[in-house]
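Right, one structure below, let's go through it.
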Amino acid sequence: MNPPKIENPKFFELLKRRQIIPDDFIHDLLEELEGNALDVLATLIQSGVGTKRQLCQLWCDSIRIAHVDLEKSLFQSRVVRKIPERVARQLYAIPVYQMGETITVATATPDNPEIKKQIQQIVGNPINLVFALPQDIEWAIENEYQTNATLYEFFSKIKASRIFENNVIITEKNLTEIAGKEAINQLHVCLILYGITENASEIHIDPEVNGAKVYFI
2 MNPPKIENPK
12 FFELLKRRQI
22 IPDDFIHDLL
32 EELEGNALDV
42 LATLIQSGVG
52 TKRQLCQLWC
62 DSIRIAHVDL
72 EKSLFQSRVV
82 RKIPERVARQ
92 LYAIPVYQMG
102 ETITVATATP
112 DNPEIKKQIQ
122 QIVGNPINLV
132 FALPQDIEWA
142 IENEYQTNAT
152 LYEFFSKIKA
162 SRIFENNVII
172 TEKNLTEIAG
182 KEAINQLHVC
192 LILYGITENA
202 SEIHIDPEVN
212 GAKVYFI
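Okay, structure coming up:
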């Protein structure tokens, strides 16, 4: 993935106005980071001169678009898949959730009209672009698309085995024999993601003598 390189003079104006860092330090950072304002933002967060929330808010004030912290976001898997992984990496963008017809998409360049046009054509829905740090988008793409691929493989193995059609008790042993040593962890992830996509606020597991019942509240 090649992070976008952009200028954002308004962001640096706000930094000076808030007196977060000296003017000469801003100049040195821009020179060192080849004028990429996004790299400057990431460096300032890492240096601790301001919190991630504070500095990202300044950035968003400069472009007048909302920020989303992807590390604290719950993704709807079916919505994430509306953009192929290859395209998500190319555009530095990932869908987060859908409300009604509108899909919220996090991108490092939400003020780029060409990006918005491309994404809207791909997903086929109205979209709302929000800002996220490039490194957060990289993390989210690795995490969400890898999880989706792993779960798809898990479900494929379960379906091929027809274990649910044989009216037998599903144990850790036979589940592992069918889907591999990570089957139990993948089953846990499936339950959690299903709860998220169904907007469940709680997941209750009631153990029984030979099994368990799962309730999504």
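Count along the sequence shown starting at 1, add 1, and that's the number in the working numbering.
Positions of the beta carbon are idealized from the N, C-alpha and C atoms, including for glycine.
Quick check: the segment 73-90 against the segment 139-149, are at least 3 beta-carbon pairs closer than 8 Å? yes
Would DSSP call F13 helix, strand or coil? helix
Tell me, which residues are paired with V215 by DSSP? Note: V215 sits in a beta bridge opposite I206.
On a Cα-Cα basis, can you pick out the residue from K73, N37, I171, R19 that is closest to I3? The question names Ile, yet the displayed sequence has Asn at residue 3. Per the Cα distances, N37.
Check whether V124 and I142 have beta carbons under 7 Å apart: no
Expressed to the nearest angstrom, what Euclidean distance is found between the alpha-carbon atoms of W140 and R82? 16 Å
K117 versus Q58: straight-line alpha-carbon distance, rounded: 21 Å
C-alpha distance - G51 paired with L192, whole-angstrom precision: 38 Å
Which stretch, first to last residue, makes up the alpha helix (DSSP H) that contains F26? 24-33
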